[in-house]
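A.B. asks:
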Amino acid sequence: MTDGAAGGVEGGLNIRVVVRGDVITAVDVRSSRPVKLCAVLVGRDVDAAMVLLPRLFGVCRIAQTVAGLAAVEAALGVVLPPPQLAARRFLVAAESLEQTAWRLLLDWPCCVGASPALDTLKRLRQLLSILPRKLFPDLAWNHIGGARLAPARADLAAMLDQLQHEIHQVVCGDATRSDWPLTDRRSFERWLRHGSTSAALTLRCLCEQGLADFGRGTVEPLPAFDLAALERRMAAADGYAFCARPDLDGAVHETGALARLWRHPLIADLRADHGNGLLARWMARWVEMDGLLAELHAQFALLEAHPGASMAQNGTGTGFGLVESARGCLCHRVAVAAGWVSDYKILAPTEWNFHPEGPLTRGLLGARVAEAAAPPVRRAVALLATALDPCVGFELVVDES
Amino acid sequence: MCIAIPAQVVEVHGTSAVVERYGERLEVSLLLLQDEVAVGDFLILQARAFAVEKIAPEEATEIYRLFDEFVGATSDKAA
Numbered sequence: 000m001t002d003g004a005a006g007g008v009e010g011g012l013n014i015r016v017v018v019r020g021d022v023i024t025a026v027d028v029r030s031s032r033p034v035k036l037c038a039v040l041v042g043r044d045v046d047a048a049m050v051l052l053p054r055l056f057g058v059c060r061i062a063q064t065v066a067g068l069a070a071v072e073a074a075l076g077v078v079l080p081p082p083q084l085a086a087r088r089f090l091v092a093a094e095s096l097e098q099t100a101w102r103l104l105l106d107w108p109c110c111v112g113a114s115p116a117l118d119t120l121k122r123l124r125q126l127l128s129i130l131p132r133k134l135f136p137d138l139a140w141n142h143i144g145g146a147r148l149a150p151a152r153a154d155l156a157a158m159l160d161q162l163q164h165e166i167h168q169v170v171c172g173d174a175t176r177s178d179w180p181l182t183d184r185r186s187f188e189r190w191l192r193h194g195s196t197s198a199a200l201t202l203r204c205l206c207e208q209g210l211a212d213f214g215r216g217t218v219e220p221l222p223a224f225d226l227a228a229l230e231r232r233m234a235a236a237d238g239y240a241f242c243a244r245p246d247l248d249g250a251v252h253e254t255g256a257l258a259r260l261w262r263h264p265l266i267a268d269l270r271a272d273h274g275n276g277l278l279a280r281w282m283a284r285w286v287e288m289d290g291l292l293a294e295l296h297a298q299f300a301l302l303e304a305h306p307g308a309s310m311a312q313n314g315t316g317t318g319f320g321l322v323e324s325a326r327g328c329l330c331h332r333v334a335v336a337a338g339w340v341s342d343y344k345i346l347a348p349t350e351w352n353f354h355p356e357g358p359l360t361r362g363l364l365g366a367r368v369a370e371a372a373a374p375p376v377r378r379a380v381a382l383l384a385t386a387l388d389p390c391v392g393f394e395l396v397v398d399e400s
Numbered sequence: 000m001c002i003a004i005p006a007q008v009v010e011v012h013g014t015s016a017v018v019e020r021y022g023e024r025l026e027v028s029l030l031l032l033q034d035e036v037a038v039g040d041f042l043i044l045q046a047r048a049f050a051v052e053k054i055a056p057e058e059a060t061e062i063y064r065l066f067d068e069f070v071g072a073t074s075d076k077a078a
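For the record, the sequence lines run as chains A and B.
Quick note on numbering: numbering that gives the first Met the number 0 labels position 309 of the first sequence as 308, and the sequence is numbered without any gaps.
Quick note on numbering: numbering that gives the first Met the number 0 labels position 10 of the second sequence as 9, and the sequence is numbered without any gaps.
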């Protein structure tokens, strides 16, 4: 995400930070993102709505499509066969890998003045862009009940090997797999001190600039929650307002890689020393790259040919779809009447992470900026916002008067 | 919302381009795009700084129409 890029037709985030002395004393986060845009799907037949959905929501398009299809299928009583489910999960993992790679290889190195791994990112994106057609020969896979699935297993296996190689190279370089730094603290520290890859250099820059702890706050990760209760909140008369500023029983939570890996041994260890500041937050994304590769392999094992077009049973007319996307928990809620969409709501991860009382605000309030000596305040705050990874641009104003 | 409004290419300068949408001009990198780009093409952007996908004019028109429907805007777009 680019500092100074809020607004525009997609809306954006405006972040205002007040610094007095060496402490951040006030934070104001406002969003102009049009959370009611999904209302344009209302009044359309469900098939047409599912075609339009990825066109409207082009960032994390696959996750949006899969969440939408899951919600509609639940509403119609369509039970998705396991191979179709595996194919969708495979695509979601691939998209998450691409989005995560973007942050790790391009955005974050640029943020700390390190060199981005642009060539690696290009190669990864090229590989990942081919995956859908290796699963669904007709390409248009976003059909209710699934589409004709004919996995090209040999090609997919070769692509997975190449993905693994590319990611290993960018993290470990020519070191062996046993040096993989994502498993325990000792190997991580060794890698951080001596690693010469883009990943190691970027994190080392972060630590050398005194920013490992920056942004630590008290917001807890999004816990397992009552799906039915959340669906009721989204369906209520003030559902759009809830989707703009969500909470669970009054508490605001964080979602995304750090929340998902909260108890991972290395991440928990880093949190113990640095809280949920930038180091733990960035490292969680690297650890998740490994997890996404594992997810791709796991879903690959479940893939098999399937004709698609599962039949609808007796649906209740309302449905809820949840996908863990690169940025966090993405929820769609739909109501369908006689084949037409009568209500549509989306709760996106950015609404949790950039909630006025969320992890950005809580991570900044009270932060001592003099400790972050090398970079100016503006840069440190932009790093935290970028680490929380909004799906829109943000504009940052720092009041140091 | 994770919205991606297409932008139309108005100038190409090697690995970057000037694009326009709803009257707003942006300079974007083409480094991560796999397709060739020419003036008049429609691009999906990420972070308002990188073009990530080229889409068909019909698809761009459909997205503009949907967005117009939402905001009630009918002018100043790039299409």
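Built from N, CA and C at the ideal position, the CB exists for glycine as well.
Would you mind working out which of E253/A, F56/A and K35/A sits nearest F241/A, comparing C-alpha positions?
C.D. replies: The residue with the shortest Cα to Cα distance from F241/A is K35/A.
A.B. asks: Rounded to a whole number of angstroms, what is the C-alpha to C-alpha distance between R406/A and D27/A?
C.D. replies: What is shown of chain A runs 0 to 400, which leaves residue 406/A out entirely.
A.B. asks: I need the DSSP call for S30/A, collapsed to helix, strand or coil.
C.D. replies: Note: S30/A maps to strand in three-state DSSP.
A.B. asks: Tell me the residue span of the alpha helix (DSSP H) that contains T119/A.
C.D. replies: T119/A -> alpha helix (DSSP H) spans L117 to L134.
A.B. asks: Start and end of the alpha helix (DSSP H) containing T317/A?
C.D. replies: T317/A -> not in any alpha helix (DSSP H); beta strand (DSSP E) instead, spanning T317 to S324.
A.B. asks: Taking 8 Å as the threshold (beta carbon to beta carbon), is V58/A in contact with chain B?
C.D. replies: Closer than 8 Å to some Cβ of chain B, the Cβ of V58/A qualifies, so yes.
A.B. asks: Return the chain-ordered list of same chain residues with a C-beta closer than 7 Å to the C-beta of A372/A, the five sequence neighbours on each side being excluded.
C.D. replies: For A372/A, the pLDDT reaches just 49, beneath the cut-off of 50, and the residue's location in the model is therefore unreliable, leaving the point undetermined.
A.B. asks: What would DSSP say about V380/A, mapped onto helix, strand or coil?
C.D. replies: Reduced to three states, the DSSP call for V380/A is helix.
A.B. asks: Does the beta carbon of Q33/B sit closer than 8 Å to a beta carbon anywhere in chain A?
C.D. replies: Yes, Q33/B lies at the interface with chain A (some Cβ there is under 8 Å from its Cβ).
A.B. asks: Would E61/B pass as an interface residue toward chain A - the criterion being a Cβ-Cβ separation below 8 Å?
C.D. replies: So, interface residue.
A.B. asks: How is P5/B classed by DSSP in three states: helix, strand or coil?
C.D. replies: Looking at P5/B - three-state DSSP - the assignment turns out to be coil, as it is neither helix nor strand.
A.B. asks: Output the residue ranges of the alpha helix (DSSP H) runs that lie fully inside the stretch 137–176 of chain A and measure 4 residues or longer, sorted by chain position.
C.D. replies: Entirely contained in the stretch 137–176 of chain A, the alpha helix (DSSP H) runs reaching 4 residues are, in chain order, 152–171.
A.B. asks: Between the C-alpha atoms of D2/A and D106/A, what's the straight-line distance to the nearest angstrom?
C.D. replies: The pLDDT assigned to D2/A is 45, lower than 50, so where the model puts this residue is not dependable; a value taken from the coordinates is nonetheless given after this. So the alpha carbons of these two residues sit roughly 11 Å apart.
A.B. asks: So E23/B is in the beta strand (DSSP E); what residue range does that whole segment cover?
C.D. replies: Here the beta strand (DSSP E) through E23/B covers E23 to S28.
A.B. asks: Kindly indicate the opening and closing residues of the beta strand (DSSP E) around C330/A.
C.D. replies: Run containing C330/A: G327 to A336, per the beta strand (DSSP E) assignment.
A.B. asks: Please name the residue, chosen from H296/A, V368/A and E253/A, that lies closest to C328/A on a Cα-to-Cα basis.
C.D. replies: Nearest option by C-alpha distance: E253/A.
A.B. asks: Cutting at 8 Å between CB atoms, please list the residues of its own chain near A336/A, excluding the five before and the five after it.
C.D. replies: Once the five neighbours on either side are set aside, the close Cβ partners of A336/A are G316.
A.B. asks: Are there three or more Cβ pairs, one per stretch, closer than 8 Å when the stretch 343–353 of chain A is compared with the stretch 252–266 of chain A?
C.D. replies: Because the criterion of three Cβ pairs below 8 Å is met, the stretch 343–353 of chain A and the stretch 252–266 of chain A touch.
A.B. asks: Run through DSSP, which three-state label would H193/A get?
C.D. replies: Three-state result, H193/A: helix.
A.B. asks: Find the nearest neighbour of R449/A within the set Q312/A, P220/A and V397/A, judged by alpha-carbon distance.
C.D. replies: Residue 449/A lies beyond the range of chain A shown here (0 to 400); nothing can be said about it.
A.B. asks: Does DSSP classify S15/B as helix, strand or coil?
C.D. replies: S15/B falls in the strand class under three-state DSSP.
A.B. asks: Out of Y63/B, A50/B, L32/B and G39/B, which has the shortest C-alpha to C-alpha gap to E26/B?
C.D. replies: Nearest C-alpha to E26/B: A50/B.
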